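Numbering (full-length UniProt numbering), first residue to last: 1 to 441. Think of the CB as a built atom: it goes at the ideal place given N, C-alpha and C, for glycine as much as any other residue. As the structure is a prediction and not an experimental result, all values here were calculated from the model.
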């Protein structure tokens with residue numbers, strides 16, 4: 001897979017897939033892993049509930065106001081083994097390693113603080129949880145209320161002042177969970193990959209949250225990690241902090257491998273690949289919103305009112321690698337499923353399973369039995385979905401497939417998660433305010 005990186009990147013290798021790349025200038029290296037082990041099987045309803053929790057957070061935010069760093073990722077995009085990913089970051093002096101979830105749906109890097117109340121003490125992921133101690137780092141510096149950084153803290157957090165004049169934050173999510181703490185500046189440590197593929201150690205000061213309180217689902221131990229690494233568009237996100245110092249460009253890319261062995265790559269930088277197409281981001285949105293204009297099945301338009309996909313505070317199309325499945329607004333979901341049932345081969349038997357999902361029994365291979373689906377976006381960009389990108393195979397049932405898109409009732413939100421994004425290079429170009437994609441193996 002010939003891929004090239006533009007000047008100044010952070011590359012995150014995701015597990016088992018390696019991109020042959022041409023590095024320009026210096027590059028920085030880290031490691032990404034899957035948040036749930038491959039043998040951790042989960043039912044579809046639990047996956048929906050977990051995604052629903054995440055979307056509660058997204059909806060609440062919707063309604064409220066030069067190097068390469070490489071993160072390697074383990075795991076699969078198969079939703080039945082839960083495609084969530086985390087990376088290890090090193091913070092402080094001397095550097096200490098923390099496992100943080102990669103999240104394109106939020107903006108701030110935060111980790112558990114040693115003073116945390118309610119933070120999990122153990123994790124079902126087989127990792128040892130760590131806690132950040134500002135007093136043990138010679139380079140740590142709490143952010144004061146008078147610091148200009150404090151006034152820039154935003155949409156997902158309430159900035160305030162503690163009794164000792166530290167800049168504090170409080171995140172309250174739509175699912176009822178929350179975290180609170182204070183902001184600190186310290187060193188982010190990483191490896192730099194130079195143009196001749198030699199590695200050297202690098203570091204840069206960043207501002208992040210030190211969480212001393214958690215509630216709700218964040219206190220649960222089954223999927224506990226040390227914090228969250230936000231890749232949103234706000235100036236406090238790590239990519240924005242690093243790019244403002246000229247360490248990386250304002251662009252990052254990922255490729256999540258879709259086989260059951262999984263893996264992939266996440267790059268702070270642009271992957272230049274032949275055939276990539278771009279669609280402009282919807283301006284003034286807190287998330288990565290695109291203008292989805294229509295859906296076609298096997299080249300035939302699905303009768304959906306285009307107004308269903310228009311962007312506002314209560315609806316729109318969000319690209320979110322932190323969502324496992326994919327979701328269509330109710331007014332788009334029903335016409336889509338009806339059109340799909342009407343065009344499948346005669347050898348395919350449609351049926352509704354006991355949980356109400358539209359399913360099929362296919363006697364031939366999935367690619368022979370089902371047509372491609374086209375998502376048509378503003379700017380003339382089309383994302384072609386193979387059957388595996390919109391269907392889920394039922395575990396233990398050969399030839400049984402169910403529609404992987406889920407219905408969003410009453411919200412008007414369409415969310416493109418890992419089910420759709422896998423096996424594609426996805427480029428988030430913040431400088432040019434666009435998202436690009438191309439199929440990749």
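Beta-carbon proximity list for residue i, same chain, < 8 Å, skipping 5 on both sides
i: residue 225; result: 35, 86, 99, 100, 101, 123, 125, 127, 129
i: residue 366; result: 387, 388, 391, 393, 401
i: residue 300; result: 339, 343
i: residue 282; result: 289, 290, 291, 311, 316
i: residue 228; result: 100, 101, 103, 106, 108, 109, 110
Which of helix, strand or coil DSSP assigns to residue i
i: residue 295; result: strand
i: residue 95; result: coil
i: residue 276; result: coil
i: residue 367; result: helix
i: residue 414; result: strand
i: residue 266; result: strand
i: residue 380; result: helix
i: residue 309; result: helix
i: residue 225; result: coil
i: residue 391; result: strand
i: residue 429; result: strand
i: residue 186; result: strand
i: residue 137; result: coil
i: residue 402; result: strand
i: residue 441; result: coil
i: residue 201; result: strand
i: residue 230; result: strand
i: residue 335; result: helix
i: residue 206; result: strand
i: residue 148; result: helix
i: residue 103; result: strand
Buried or exposed by the 16-neighbour rule on C-beta atoms within 10 Å, applied to residue i
i: residue 388; result: buried
i: residue 381; result: buried
i: residue 222; result: exposed
i: residue 368; result: exposed
i: residue 120; result: buried
i: residue 332; result: buried
i: residue 286; result: buried
i: residue 384; result: exposed
i: residue 323; result: buried
i: residue 363; result: exposed
i: residue 220; result: exposed
i: residue 212; result: buried
i: residue 214; result: buried
i: residue 166; result: buried
i: residue 176; result: exposed
i: residue 326; result: buried
i: residue 329; result: buried
Whole-angstrom distance between residue j and residue i, CA atom to CA atom
i: residue 340; j: residue 296; result: 10 Å
i: residue 452; j: residue 386; result: Given a span of 1 to 441 for the chain in the structure shown, any question on residue 452 remains unanswerable.
i: residue 13; j: residue 441; result: Model confidence at residue 13 stands at a pLDDT of 40, short of 50, so the residue's coordinates are unreliable and nothing is read from them.
i: residue 205; j: residue 309; result: 40 Å
i: residue 276; j: residue 217; result: 38 Å
i: residue 137; j: residue 94; result: 6 Å
i: residue 417; j: residue 290; result: 13 Å
i: residue 40; j: residue 146; result: With a pLDDT of only 45 at residue 40, under the threshold of 50, the placement of this residue in the model should not be trusted; the figure read from the coordinates follows. Answer to the nearest angstrom: the Cα atoms are 47 Å apart.
i: residue 164; j: residue 415; result: 41 Å
i: residue 250; j: residue 433; result: 10 Å
i: residue 266; j: residue 395; result: 28 Å
i: residue 413; j: residue 203; result: 39 Å
i: residue 436; j: residue 307; result: 23 Å
i: residue 294; j: residue 270; result: 27 Å
i: residue 209; j: residue 168; result: 8 Å
i: residue 151; j: residue 182; result: 13 Å
i: residue 178; j: residue 345; result: 48 Å
i: residue 313; j: residue 303; result: 24 Å
i: residue 248; j: residue 397; result: 46 Å
Own chain partners of residue i with C-beta closer than 6 Å, once the 5 adjacent residues on each side are dropped
i: residue 149; result: 143, 207
i: residue 236; result: 107, 108
i: residue 284; result: none
Chain-order list of residues whose beta-carbon lies under 7 Å from that of residue i (same chain, five-residue window excluded)
i: residue 140; result: 92, 134, 184, 186
i: residue 298; result: 343, 371, 372
i: residue 379; result: 278, 279, 280
i: residue 131; result: 112, 113, 114, 116
i: residue 118; result: 213, 214, 215, 219
The ligand SAH heavy atom lying under 6 Å from the CB of residue i
i: residue 408; result: What this structure holds is no ligand at all, so the ligand SAH is not there to describe.
is_contact[residue i, chain D] using C-beta, thresh 7 Å
i: residue 218; result: The structure shown contains no chain D; it is built from a single protein chain.
Could you tell me whether the region 307-317 touches the region 349-356, using the rule of 3 or more Cβ pairs below 8 Å?
Two segments are said to touch when three or more pairs of C-beta atoms, one from each, lie closer than 8 Å; by this definition the region 307-317 does not touch the region 349-356.
Counting Cβ pairs closer than 8 Å, one from the region 403-411 and one from the region 231-245, do we hit at least three?
Under the three-pair Cβ rule at 8 Å, the region 403-411 does not count as touching the region 231-245.
Can you confirm whether the region 248-256 touches the region 423-435 when touching is taken to mean that 3 or more C-beta pairs between the two stretches lie within less than 8 Å?
Contact between the region 423-435 and the region 248-256 is present, with at least three C-beta pairs closer than 8 Å.
Just checking, does the region 359-374 make contact with the region 386-401 on the three C-beta pairs under 8 Å criterion?
Yes: the two stretches touch, three or more of their Cβ pairs being nearer than 8 Å.
Are at least three pairs of beta-carbons, each pair with one atom in the region 105-112 and one in the region 224-239, less than 8 Å apart?
Taking one beta carbon from each stretch, the region 105-112 and the region 224-239 have 3 or more pairs nearer than 8 Å; the two touch.
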